[in-house]
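Which chain is which? The protein sequence lines are A and B, in order. Heads up, the first sequence is in the working numbering, so the first residue is 2 and it goes up one at a time. Heads up, the second sequence is in the working numbering, so the first residue is 2 and it goes up one at a time.
Protein chains: 2
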Amino acid sequence: MSVVAYTKLEALFSRLSRIEQALSILHWDMAAMMPAGGASSRAEQTAALKAVHHEMLTAPGVGALLDAAVSEPLDLWQRANLREMRRDWVHASAVPVALVEALSRACSASETVWRKARQEADFKAVEPFLAEVIRLTREMAEIKGQALGLAPYDALLDQYEPDARQASIDVIFQDLAKFLPGFMTQVLNRQKPAPAGPQGPFPVEMQKALGLKMMAILGFDFDHGRLDVSHHPFCGGTPEDVRITTRYDEGDFMRSLMGVLHETGHALYEQGLPQQWRVQPVGRARGMSLHESQSLLMEMQICRSREFLAFAAPLMQQSFRAAGQAGWDAQTLYEANIRVTPGFIRVDADEVTYPAHVILRYQLEKALIAGRLDVADLPDAWTQGMIESLGLKPPDDRLGCLQDIHWYDGAIGYFPTYSLGALTAAQIFQAANEAVEDLLPCIGRGDFRPLLGWLRAKLHGRASLLSTEALLIEATGRALDAEAFKGHLKRRYLS
Amino acid sequence: MSVVAYTKLEALFSRLSRIEQALSILHWDMAAMMPAGGASSRAEQTAALKAVHHEMLTAPGVGALLDAAVSEPLDLWQRANLREMRRDWVHASAVPVALVEALSRACSASETVWRKARQEADFKAVEPFLAEVIRLTREMAEIKGQALGLAPYDALLDQYEPDARQASIDVIFQDLAKFLPGFMTQVLNRQKPAPAGPQGPFPVEMQKALGLKMMAILGFDFDHGRLDVSHHPFCGGTPEDVRITTRYDEGDFMRSLMGVLHETGHALYEQGLPQQWRVQPVGRARGMSLHESQSLLMEMQICRSREFLAFAAPLMQQSFRAAGQAGWDAQTLYEANIRVTPGFIRVDADEVTYPAHVILRYQLEKALIAGRLDVADLPDAWTQGMIESLGLKPPDDRLGCLQDIHWYDGAIGYFPTYSLGALTAAQIFQAANEAVEDLLPCIGRGDFRPLLGWLRAKLHGRASLLSTEALLIEATGRALDAEAFKGHLKRRYLS
């Protein structure tokens, strides 16, 4: 039997993938390089490429090819690829091209205005732009939901994390919401006053050099990627050319460094995707939860560990030419890195309070999509939620609902993957520790190869061959639960 | 009467323009940002976008729309736009999409290998890649020539400079080739020994700051552009987001600075294109000769003038914190800037010897396309040509046929526009001097607004409304000839 239909589909999806890669580089450029005056023109470029992509993916005949390929003799990877192709096609063909273009333009406009509005704590300035993004996203969620047989918010979730559903996330988040407040109180009660850490200022150039050195130690391949600066740190680009970004604060080098290590975790996943499948749907990273698990594995499980910080402390001290200065010992750096401090900003949050930030956003975005919350009422609802969950009232919207790029860039249904990722990271690290001999002693010597080898074999190199759940079961022996995460927190903060 | 066909064409060409803009940013990224390992993947992205562009432009029905629009009631700009649309369509529809893709891929591969080959003076390493570019370009020239009723090389010329023909360029270049050797000898005989100029090193950061300051003085809008670094300086990006590049030599700041001023001339043209036509063919810069005239007007006519250097000398001295040091007076800088020195490198050549570099490349590329010269014989032919025209034998191919990116990136038929641009610049400057009151005294105060205002009215803002020749006649009162250029050289070097 021949594989005529499947072969045609591979050619189509390869070209689609090249357009996605171009879009990804253009998006990185917008965030890291583009002057402000280029925004509206870039929005049009992006909208045009997305429209072309959408038209190619939903062209007459693609559905028939997908149907025909089902009965062709495909191997395991090809069959998984066909499944992912269909997923893409169903998501895309549900939505009219005019809506895709309108949403793309609305997101670009909103993100651009947000950059300034955030700096100036001026929610009103961006409100109409966000309202338009939400309006169009609700329209899309409704249409996709009908096509997929899902509730509108589930249809959004499914874009970022295949098969994730509100009902199961609710269960996990309720479990966390039950465990964490008491745990946080326990931790705060026994937490000693902060030791005096290293004294700045920490020049940007030295921070950058340290970040680059640490990226190399973790295994980042600089022949296939770079480090730059953007408002909101992210990992973008393509598997052959991974672009990660950070932002620098001369008063606090650890914030940027931990951000760099976090994004390096994402980057290692991308750089570890299987070469031969990279321009096919099956060769993509599995989903956002697993992606986030790779960044949090690096940042939270490993780089904030005693072992890693004992290795890194002298390198950090050298990087800032701080020989002989106080505060650079591993114990002090460790205590600073596992400090729990309820605060306003999600990306600065410790791993104990972080889930509260995510759960707030999850609840608010569900309400926005359900139409139970107006965009105009978002700042008040945010403030209320922060008071209830962490006992903090943000002094302005810059420290409140303007802090994250996600909604302003149209990423709704994305936030829960951060905390699903944290739970997944804990579970993966537990399994890696059991499977890889001397894992932590290796980390303590700055040798990441054993860990990276295991991750590449179990996760990175398998891309989207299996479902998230199946990958996790094969790697860790069981489906996702919160036990490893709770155990990790108890060991780190209460022992 | 309605303009149905024309309106459909505008929508199509607007989308095509967005794809061209995306390609332009990706090309800039490849030269200025991309890690080496991203090259093959980027080549595929570029090839995919070019293929999509080509398919859209040559889709069934476009020819019929072009025919139908001819009888619709169009205004002056619309009619010119329709003429440019047809030009694009004829160029594109002549060539099969497979050839477009193959050439794009061959150029990306060749350019990437060239980067390393140039550094290592290793022509053999890039020879097969260049041979493939030439082979495919000859194929394309043949096909386009048949479609356009032109000789193959004329079909290539026409891509960069509409209506330019080998026959008329031969006449102008023969005239120049007759005038210049004797003139060069005269200049070299009376030229005094070089005065001792400013002493380096000149730190890159200070050079960059000076370049940015000078760009602003010339009128570059940083809300719509940036300055970066690449192997071969160029002006890319889009009119809303112009990306110019330079490269720095810590031993010689003037080389980079004059490069920046040159690219700023290109950038001002792009930034001055008419807002409302920027995503239509008629809103593009007219052609490469006129584009080069804008860069050479700034670099050669103005920024190497006594008046400009008298203004700039103290700013330069300040930029390098060289107060009290020798060599920074305007007269010394002026003499250094108008120094004539036959050399190996085109981009470093003075305006007297520059045409010899162009004429050599013009003759060689004509021979390559005609099949009279093999790529394998290029280094020898180059060396022979340099000995004959400038009396110099390049010690290696890095200083010979590897120095320029053009051929390796598939730009064949482009080189003659540099010298056509030099003649045009002289003619335009002559006209501007007559039309704008106190032009040079303004330049002497660092006030570029009167000049820029005239350029925007006469040239930049008219984009491709008229032919190159008609634009030049309206701006200068006559068609292109070499008189203004010769007059300029005589005034500057012999008086």
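Just so you know, even glycine gets a beta-carbon here, dropped at the ideal spot from N, CA and C. Model, not experiment: these values are computed from the prediction.
| task | May I ask you to report which of helix, strand or coil DSSP gives residue 108 of chain A? | result | The residue you call residue 108 of chain A lines up with position 107 of the first sequence. Reduced to three states, the DSSP call for residue 108 of chain A is helix.
| task | Closer than 8 angstroms by beta-carbon distance: list the chain A residues that pair up with residue 225 of chain B, in chain order. | result | As a working mapping, residue 225 of chain B is identified with position 224 in the second sequence. Under the 8 angstroms cutoff, chain A gives 36, 38 and 39.
| field | Cβ contact (3+ pairs, closer than 8 angstroms) linking the region 385–403 of chain A and the region 443–462 of chain A | value | The region 385–403 of chain A vs the region 443–462 of chain A: no contact.
| What residues in the region 50–63 of chain A have a beta carbon less than 7 angstroms from any beta carbon of chain B? | Along the region 50–63 of chain A, going in chain order, the ones with a CB nearer than 7 angstroms to a CB of chain B are 50 and 53.
| So, residue 173 of chain B versus residue 413 of chain B, is the Cβ gap smaller than 9 angstroms? | The residue given as residue 173 of chain B occupies position 172 in the second sequence. The residue given as residue 413 of chain B occupies position 412 in the second sequence. Their beta carbons are not under 9 angstroms apart, which means residue 173 of chain B does not touch residue 413 of chain B by this criterion.
| Does the pairing of the region 96–107 of chain A with the region 14–23 of chain A give three or more beta-carbon distances under 8 angstroms? | Between the region 96–107 of chain A and the region 14–23 of chain A there are fewer than three inter-stretch CB-CB distances shorter than 8 angstroms, so the stretches are not counted as touching.
| message | When you compare the CB of residue 284 of chain B with every CB in chain A, is at least one pair closer than 9 angstroms? | response | Translated into positions along the second sequence, residue 284 of chain B becomes position 283. False, the Cβ-Cβ gap to chain A never drops below 9 angstroms.
| task | Name, please, each residue of chain B whose Cβ falls closer than 9 angstroms to the Cβ of residue 435 of chain A. | result | Residue mapping note: residue 435 of chain A aligns to position 434 of the first sequence, counting from 1. Here the premise fails: no neighbours, minimum Cβ distance about 34 angstroms.
| query | Within the 9 angstroms Cβ cut-off, does residue 273 of chain A reach chain B? | reply | As a first step, residue 273 of chain A must be located in the first sequence, where it is residue number 272. Not closer than 9 angstroms to any Cβ of chain B, the Cβ of residue 273 of chain A fails to qualify, so no.
| query | residue 27 of chain A touches chain B at which residues, Cβ-Cβ below 8 angstroms? | reply | Here the question's residue 27 of chain A lines up with position 26 in the first sequence. Neighbours of residue 27 of chain A on chain B, chain order: 23, 26 and 27.
| message | Per the DSSP calculation, residue 226 of chain B is bridged to which residue(s)? | response | On the second sequence, position 225 is the one that residue 226 of chain B refers to. According to DSSP, which records beta bridges pairwise, residue 226 of chain B is partnered with B/243.
| field | Complete alpha helix (DSSP H) runs within the region 355–394 of chain B (minimum length 4 residues, chain order) | value | Look at the region 355–394 of chain B and you find these whole runs of alpha helix (DSSP H), each 4 residues long or longer: 355–371 and 379–391.
| message | I'd like the list of long-range same chain contacts for residue 318 of chain A, defined as Cβ closer than 7 angstroms, with 5 residues on each side in sequence excluded. | response | Residue 318 of chain A sits at position 317 when you count from the first residue of the first sequence. Setting aside the 5 residues that flank it on each side, residue 318 of chain A is surrounded in the same chain by 324 and 329, each with a C-beta closer than 7 angstroms to its C-beta; the list follows chain order.
| query | Going along the chain, which residues of the region 105–132 of chain A sit with their C-beta nearer than 9 angstroms to a C-beta in chain B? | reply | Those would be none; no residue qualifies.
| request: Go through its chain and collect everything with a Cβ distance to residue 73 of chain B's Cβ below 8 angstroms, but skip five positions before and after it. | output: Translated into positions along the second sequence, residue 73 of chain B becomes position 72. For residue 73 of chain B, where only same-chain residues beyond five positions count, the Cβ hits under 8 angstroms are 2, 3, 4, 5, 6 and 7.
| request: Using the Cα positions of residue 454 of chain A and residue 49 of chain A, report the straight-line distance between them to the nearest angstrom. | output: Position 453 of the first sequence, counting from 1, holds the residue named residue 454 of chain A. Position 48 of the first sequence, counting from 1, holds the residue named residue 49 of chain A. Straight-line Cα distance between these residues: approximately 40 angstroms.
| request: Report yes if the CB atom of residue 167 of chain A is closer than 9 angstroms to the CB atom of residue 176 of chain A, and no otherwise. | output: Along the first sequence, one-based indexing puts residue 167 of chain A at 166. Along the first sequence, one-based indexing puts residue 176 of chain A at 175. Not in contact: residue 167 of chain A and residue 176 of chain A (Cβ atoms no closer than 9 angstroms).
| task | May I ask you to list the residues that DSSP assigns as paired with residue 237 of chain A? | result | As a first step, residue 237 of chain A must be located in the first sequence, where it is residue number 236. Per DSSP, A/244.
| request: Using a Cβ-Cβ cut-off of 9 angstroms, state whether residue 241 of chain A counts as contacting chain B. | output: Position 240 of the first sequence, counted from the start, is the residue given in the question as residue 241 of chain A. Residue 241 of chain A counts as touching chain B.
| Three or more beta-carbon pairs under 8 angstroms between the region 296–309 of chain B and the region 256–269 of chain B, yes or no? | Verdict: yes, contact present.
| field | Inter-stretch contact (C-beta, 8 angstroms, three-pair minimum) for the region 22–38 of chain B and the region 86–94 of chain B | value | Judged by Cβ distances under 8 angstroms, the region 22–38 of chain B makes no contact with the region 86–94 of chain B, as fewer than three pairs qualify.
| message | Contact criterion: CB-CB distance below 9 angstroms. Does residue 43 of chain B meet it with respect to chain A? | response | If you number the second sequence from 1, residue 43 of chain B lands on position 42. For residue 43 of chain B, at least one C-beta of chain A is nearer than 9 angstroms to its own C-beta.
| field | Beta carbon proximity, residue 280 of chain B to chain A, threshold 9 angstroms | value | By one-based count along the second sequence, residue 280 of chain B stands at place 279. Residue 280 of chain B counts as touching chain A.
| When you compare each of A/51, A/249, A/464 and A/491 to residue 427 of chain A by their alpha carbons, which one comes out closest? | Counting from one through the first sequence, the residue named residue 427 of chain A turns up at place 426. When each option's Cα is compared against that of residue 427 of chain A, the closest is A/491.
| Contact set for residue 70 of chain B: own chain, Cβ-Cβ below 7 angstroms, skip 5 residues either direction | Position 69 of the second sequence, counting from 1, holds the residue named residue 70 of chain B. Taken in chain order, the residues that qualify are 6, 7, 10 and 83.
| Span of the alpha helix (DSSP H) holding residue 404 of chain B? | Numbered from its first residue, the second sequence carries residue 404 of chain B at position 403. Per DSSP, residue 404 of chain B belongs to no alpha helix (DSSP H) and is neither H nor E.
| Is the beta carbon of residue 256 of chain B sitting closer than 9 angstroms to the one on residue 245 of chain B? | Position 255 of the second sequence, counted from the first residue, corresponds to residue 256 of chain B. Position 244 of the second sequence, counted from the first residue, corresponds to residue 245 of chain B. The criterion of a C-beta distance shorter than 9 angstroms is not satisfied by residue 256 of chain B and residue 245 of chain B.
| query | How long is the line joining the alpha carbons of residue 483 of chain B and residue 424 of chain B, rounded to whole angstroms? | reply | One-based indexing of the second sequence puts residue 483 of chain B at position 482. One-based indexing of the second sequence puts residue 424 of chain B at position 423. Distance from the CA atom of residue 483 of chain B to the CA atom of residue 424 of chain B, rounded to whole angstroms, is 6 angstroms.
| said: Would residue 476 of chain B and residue 429 of chain B be called neighbours here (beta carbons separated by less than 9 angstroms)? | reply: Start at 1 with the first residue of the second sequence, and residue 476 of chain B comes out as number 475. Start at 1 with the first residue of the second sequence, and residue 429 of chain B comes out as number 428. Cβ distance < 9 angstroms, so residue 476 of chain B and residue 429 of chain B count as in contact.
| Below-9 angstroms beta-carbon distance, residue 406 of chain A vs any chain B residue | Translated into the one-based positions of the first sequence, residue 406 of chain A becomes position 405. It does not: the Cβ of residue 406 of chain A has no partner Cβ on chain B nearer than 9 angstroms.
| Quick one, are the C-beta atoms of residue 295 of chain A and residue 456 of chain A less than 9 angstroms apart? | As a working mapping, residue 295 of chain A is identified with position 294 in the first sequence. As a working mapping, residue 456 of chain A is identified with position 455 in the first sequence. In terms of Cβ geometry, residue 295 of chain A and residue 456 of chain A form a close pair [threshold 9 angstroms].
| query | So, is the C-beta of residue 48 of chain A closer than 9 angstroms to a C-beta in chain B? | reply | Taking the first sequence and counting its residues from 1, one reaches residue 48 of chain A at position 47. A Cβ of chain B is located within less than 9 angstroms of the beta carbon of residue 48 of chain A.
| request: Check the Cβ of residue 20 of chain A against every Cβ in chain B and list those closer than 9 angstroms, keeping chain order. | output: Stepping through the first sequence from its first residue, residue 20 of chain A is reached at position 19. Chain B residues near residue 20 of chain A: 46, 49, 50 and 53.
| field | Boundaries (first-last residue) of the alpha helix (DSSP H) holding residue 51 of chain A | value | Indexing the first sequence from 1 puts residue 51 of chain A at position 50. Its alpha helix (DSSP H) spans residues 40–58.
| So the alpha helix (DSSP H) residue 180 of chain B belongs to, where does it begin and stop? | Taking the first residue of the second sequence as position 1, residue 180 of chain B is located at position 179. Run containing residue 180 of chain B: 167–191, per the alpha helix (DSSP H) assignment.
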